[in-house]
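Numbering (the working numbering), first residue to last: 8 to 1626.
Ideal Cβ placement from N, Cα and C applies to all residues, glycine included.
Written below as C-alpha cells is the structure these notes are about.
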C-alpha cells in the first residue's frame, strides 16, 4: 500500500479547485442522514466512471486515476488518494469507462486502452485472465481495402463485455455473451468486431448494463412523420397498445416489420465467469453488498439447485447455445400468482395510504427465488458455482414479483396492477401533461462534445459549440441539420439478457441482436443509461423513462409491467436534465424552483436511525418498507436535501452502490448565470410544448375553426401554428446545447454559446413568429379565437391560466398576451448575456462578444415590442373606424402610423365643404374623400417640405409616379409630426432602420414596384426597378398587359441605354425581340432585332428605324436564312453600299442600293461561275457591263435586264478569238450581228482591247465601301464625322462603354475581365510617339481589338464579318477587289488610330528616338559603335497583324483559285523531282559539290550520307521553310524566309572556309533544292499574297531580295525539265 500512499501525496491539493469538484456517497442510507464526502484533489475532475467496487477519474490535462478495489493489481485504493495510471500519461485521454471489474479509456487520437479482469475477453487482449496495466486494443475495419484502423470516440463497459463507438458512428463489441449483439457462436470475442445489425445506422451513444446493452440511434429519415400529432394522444395510444398487448396475449411484444426482430430466446448457458477465488476477494470485504435485499444470504445452495431443477434448465448445454426454449416458467408462475389475487388487492389498497408497507411472505420468498434464477442468461454451472456466480453476486433474487404484481410471470396480473394503480394511487401520480417539456439533455461525462454527440472525432472542434476538442458523445445531440445545434429525432435499441425486462420489449426474453424499443420511438430520447439490471432513458421533455428490475424502487414508479418503458413519477416543476443508473439505484439531476440544480434519488434506502414513535416520519411517505429486512426503498424519486450545499452540480454518475456528482463553485456569478440561462430555456421549452398541446393543436384540429374565424383569420391562425413549430424546435435544440455547455463548462469558451454563434437564426425565427402573431391580431383573430377556445378547451382553461403569467383577476385567458409571451425571453437573453459579460474585463474578446450579443437581443426585444404596440393600435383603429371603406383597406401586414380625422391635414386649395381624410399606413398613404379613396404606395412616394412663407401655409409636397400634390398642415407642429412620420414610414418600407430623418428629404433614388394607371405609354404597365425623384430611372423591368416586356435601363422616365424588349405579334402568334440600345424611349443605337416572321437584323438604329450599318438575315430555312444583306441602311431602307447574298438563287450582289433597290455600280457572282460587273438601275442590269464566264469567255457591252444583252458589244473567247457587233438576248442564247476576228499567231495584243476587257471598271471603289461601318465607329467615339470631334470625349466614351458593358455582362471569363480592366485606363495619348512608347501603342491596339466591347474591337469584328460575307465562297475574279478592300481597311483604320494617338507620324514616316537624357548621352558616347536601328512606320506593319489573321481564310482561298493552273504545274514537278536521292537532285540542280553534305545527324548520332540517301541534306532549312504555311501576315512569312536563309548559311559554313560569302550562282540552286524538299502546297498563293500586301519599305531591302529568290524558285520549278 506504499505505492498508493505515494500517489496520493502527489495530488494532495494545496488549494482546492473551483471547478470539477467531486462529491461521493454510498447509496442505501436514508437521504436525510447522508453526508456526502467531498474529495479534495489538485486538479479539476472532468469525468468519473464507477464500476462495482472501483472507479476512474479523468482530470484536467487528460490524466487518469484509479481508486477502489483494484483486484487485477491486488490493491485497495481509497478515493482520497487515487492512483495515477502512469502508462496513460501523455496519451491525452478524453473518455474513461468502468465495467464490473475492468476499465477502458479513449484518447484524443481515437485509440482505446483496456485493463482489468479479462476472463470473458472483455479487455480485448489475448487470453490472459487479467490485464494489470492499460493495453492498446487494436480496432481494425477489415471490410475496407486496405484494412484501416478505426477511430473511436467513446467506450462503455459491462460485466463481461465492452462496446466502443467509432467516429463514423458505428458500434464495435468484444467480450462474451449475447449482450455483444454479434452474429457468432464462439466466445469469448477477444478482437473487436462491428455490430453488423446496426450497420448503416447513425449510433449516437451506447450504455452497458451488467448483461445487456443500450444504444441511442438517430432515426432514419424515411421513418420520420412530417405531420405532427398531438403529443399527449400519441403517448396515450402507445401506452394502450403496449399494455393491452401484454394483457391479451401470452407472447411477448413483437416489433414492427420495419425493424428486424431477433427472436427472443431463453438462454440455457452462461458466458465465462470469474474464478471463485477472485469472487471471494470481491465479496469478502463486505464493503459492497451484492444487491439490496439479496436473497443469496438467506438461501441455501440446495434451494437454488432445486429451483433450477424445477425450471428444467439444461445444465449440460453449451454456454453459447442460444436456441429457443419453451416458456415453462410462465405457466408455473401463473398458477402461483393467480392464487394470490386477494393478497394483491390488499397490497394495492395499502399503496393509497401514507405508510406503504409490503410484508414478505413465504410465497414472496419463493417468487423471489424463482425470479432471481430466471435470468436472461441462466447459469448452467453446478449449485456451488451458481451461488458464487457473477450474476448472483450482483443481482440477487428479485422481490418485486409480489411488490409490483406478477408481470414477470403473468401478463394478466400485470394489466390488473396497471388498472388498480390508475384508480387507487392517484395521490402518488403527478400528471406529466403539465410538464410536457421538450428538453434535450446530455450524458454525464465531462469531456463530451457538446451539441455534436454523433460526431466522434476528438479533434472536430468546429462542430463543438463549446469550442473544445472533447471526444465523448452527448446523447441525442446529433447535428443533423448541419447548423451546429443538436437534433432530437432518435430511437433506443437494446439487446442482451432480459430476465428483468431491462430490454424494454415487453417480455423477459434475451435478444441476440439489437432491437428497437418501439415504445420510445418518437419520444425524443437524448440519453440512455444502464444499471446492472434496469435501464433509464432521458427525453428532450426532461422526462425519465425506466424499465427493468425494480426490486429496490430504482425505476422511480410502481407501474407495471416493468418490461416496457414507463415514466418516472416526478413532482410538478421538476425538469430532469441528467441521469445515471447504479446497481440498484438511480440518480437524477434536475431543475427545481431555484436556479441551482437539485438531486433526485430512487432506489435502496435504509430506515432512519431515530424512531421514537410508531408513526412513520414524514420522510417515509414516498418509501416502501420491508419488515423482514432493515432496508426500504423509494417509490418515486426523492429529493436529496444535501444537494444545495454542493454548489452548482454539472453531472451525476452512479456505479455499484456509489454515487458521484461533479459540481462547480459560483465564481463572480458566472456559473449561476449560465445555469439560469439553461434553466430558463428548459422552462421556456416546456411552456412552448404545453401551449402547443393544450391550445394550438386542439384548436387547429377542430372542424369549426374556419366558420368561426373566417378565411383570412383562419389562414393566419394556421400560419401562427406553423411559425410556432420552428420556434419550439429552435428553443428545444438550444436548451439541449446549453445543457451540453454546462457539462463542459470547464473547457468551453463562452463565445461559443449558441446565442452568440446562432444569433441570426434566433433573430429571424423570433421576427417571423411575432410578425405573424401581429398580423393575426390586426385581423381580429384573437377575439374570434377566444370564443372558439371557450367552447373547445373547457376544463383546460385553468391550465392555460397558469401559463398566462397574468396578474388579472379575469377568468378568461388573454390569448394575445399568451402568444406574445415569447418576447419576454429575448429580454432574458439580453440580461443574462450582460450578466456574463460583467465577469470579464472590458478589453477582452469575451466581453466584446457578449456585449454585442446582448445589444442585438435587446434591440430585437425593443423592436418587437414596438411592433406589438403597432399591431394593438391598428386593431383599435379598425375597431373604431369600421365600415365597408375601411375593410377594403384592412390587410394583415398593414399598420396604422397616423391619421388626420381631426382635420390636422388637408389638401391644398381644397374646397370649403370638401372632406379630406389622410391615413398613413406602414406601406401606403391613403387619401379618402367621401366614399372614394386613393392609395399611394410608400415605396414610390417622395416627401419634400416646402419652406414656410409669410402667408402662414405649412405645406408638404408629395410626389408620386403619376401625380404630385401638396398637403397643408394646421400648425407647424402638425407639419413636423406628419413630415417625420412620412419620412420614417418611407425609410422603413425601403429597408432602412425606420428611424426617419428629422424634417427632410427621403431617399431620392430607390428600388420599388409600381403599377401605372394613368394615360400614357406606361398605361396599365407594371414596373419593378430603380426610381429617382418620382420618375423611372435606372435599371428595371416594365410589363404591359398586352404582353410587351422591357428589361433594361431607364432615364428620366423613358427607356434609355441598353435594354431587351419583347413585343408580341398576334398575327404570327410569336413575339418580336429586340436587344440593344435605346434613347428617349425609342430604339436608337446598335442592337439586334429578331422579328416574329423569322428575320434577324443586327446593326444600327436611329429613332426606331434601321439606319447605318446593319445585317439582315431573312427566310424560313431550318438552319440558315434564304437571303442575307449586309450594308448600309437609311431610314429603314437599303441605301448605299451593301452585299446581298440570295442563298436560294445562288447569286451574290455587291454594289450600291437606293431605297431597297439595286442602283449604281455593282458586281454579281453566281454559283455557276458567272461574274458580272456593271451598272444597275431600278433593280435591273442597265447600261455598260462586263460579263465573264468560268471558261474565261468575256463579254463587254450593253445590258437592258437581268442577264439580258441588248446593244453593241465585244465577245472575247478563251482561245483569243473575238466577236464584235450587235448582241441581243439572254446570255444562254445570244443573237449576234457582227464581225468574227481570229488573231494571227504573231499579232501583238491590243492594249485598248485589254483595257476594255479588264476587271474592276464598274465596281465600287474600295475606298467607298463600308463607309457606314467606319462612320458608326466614329460615332461611338463621339465624332459627328471622321476626325471631327474632341479627342478627350472619344477616350471618355471608350472608358464609359467598356465599364458599363463589363458591369452588365455577367458571363465574362477571367481573361476577358482582366483585358477590360486594363482597357478602362485611358493611356497617355497626347505624347509624341517614339521608339520607346511605340510598342505600348501596339500592345494597347492588340488588346482593344480582342474584345468587341471596345470601339476598335467592334470595328475589327464588323469588318471581318462584312469581308467574310462578301468573299467566302466567291468567284476568283474577286481577288483584286478583295486585296484592294484590305488595303482600304488599313487606310480608314489608321485614320482612327491617328485620331486617338495624334503623336503617330504619317504612313511611311520614321519614328523618332526618345529624347536623350544625360545618362543616355554618356552611354552613347562610350559605346558609339552600336548601330542605330531606324523604325519606319507604315499602316500595314501596325494594323495588318490585327486584321489579316481573321481575313486570311477567304483571302487565301481566292489566291489559291487564282493560281490554280500554275499550282498544278508546280506540284507535278515537286512530286517528280522529290523521287530522286539527295546527291542526284543536287547534281541535277547544279549545286557545287562543295555544298554537298557528307554527314547527317540522327538523334545526336552522325551518319554518313550515301548516294541513296534521301531527305538527309539541309533538314533544318527545309523544316524552317515549311513553317511559311503556318503564318498569316506578309511580315511573318518574310521572317520565315529570312530564318530559312540563316539556317542554310549555318549548315553550309562547316563545309567551306570561314570567309565564305554567298553568290547568287551558288545560292540559287541550293535554295531551289530546299524549296523542292519543303514540298509547300499553294506556294504560288503564298508568293502572290506576300507580293501584294508586304510593307513597301521592305521591297528593296534584304528581305525583299530573299523574297525575290523564293519567287524565282517557284517560277523555275514550273519550267524545270524532268530528270
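Rounded straight-line distance, which links the Cα of residue j to that of residue i
i: residue 897; j: residue 1295; result: 59 Å
i: residue 3; j: residue 727; result: Not covered by the structure: residue 3. The range shown for the chain is 8 to 1626.
i: residue 1257; j: residue 1195; result: 14 Å
i: residue 312; j: residue 516; result: Confidence at residue 312 is low in this model, with a pLDDT of 37, below 50, so its placement is unreliable and the value that follows should be read with caution. Between residue 312 and residue 516, the C-alpha separation is close to 22 Å.
i: residue 1615; j: residue 1293; result: 51 Å
i: residue 721; j: residue 734; result: 20 Å
i: residue 565; j: residue 593; result: 14 Å
i: residue 758; j: residue 138; result: 43 Å
i: residue 1106; j: residue 1309; result: 20 Å
i: residue 206; j: residue 668; result: 35 Å
i: residue 1348; j: residue 855; result: 55 Å
i: residue 28; j: residue 72; result: 15 Å
i: residue 651; j: residue 81; result: 38 Å
i: residue 1388; j: residue 1415; result: 31 Å
i: residue 185; j: residue 219; result: 8 Å
i: residue 1005; j: residue 971; result: Since pLDDT at residue 1005 reaches only 42, below the 50 mark, its modelled position is unreliable, and the value read off the structure follows with that caveat. Straight-line Cα distance between these residues: approximately 22 Å.
i: residue 1610; j: residue 1617; result: 11 Å
i: residue 1067; j: residue 1094; result: 9 Å
DSSP three-state assignment for residue i, whether helix, strand or coil
i: residue 1129; result: coil
i: residue 608; result: strand
i: residue 1174; result: coil
i: residue 1200; result: coil
i: residue 1373; result: helix
i: residue 1563; result: coil
i: residue 1160; result: strand
i: residue 1603; result: coil
Under 8 Å between C-beta atoms of residue i and residue j
i: residue 197; j: residue 128; result: yes
i: residue 1010; j: residue 989; result: no
i: residue 66; j: residue 50; result: yes
i: residue 598; j: residue 689; result: yes
i: residue 1276; j: residue 1168; result: no
Residue i, enclosing beta strand (DSSP E) - first and last residue
i: residue 1309; result: No beta strand (DSSP E) contains residue 1309, which is instead part of the alpha helix (DSSP H) from 1294-1311.
i: residue 600; result: It is not in any beta strand (DSSP E) - residue 600 carries neither H nor E in the DSSP assignment.
i: residue 995; result: Element bounds for residue 995: not the beta strand (DSSP E) but the alpha helix (DSSP H), 979-996.
Segment limits, alpha helix (DSSP H) that includes residue i
i: residue 774; result: 766-785
i: residue 692; result: 677-698
i: residue 537; result: No alpha helix (DSSP H) contains residue 537, which is instead part of the beta strand (DSSP E) from 532-537.
Residues near residue i by beta carbon distance below 6 Å, same chain, minus five either side
i: residue 789; result: 822 and 823
i: residue 1410; result: 1441 and 1442
Proximal residues to residue i (C-beta, below 7 Å), its chain only, five neighbours per side dropped
i: residue 960; result: 975
i: residue 1515; result: 1484
i: residue 705; result: 799 and 800
i: residue 1122; result: 1101, 1128, 1129 and 1130
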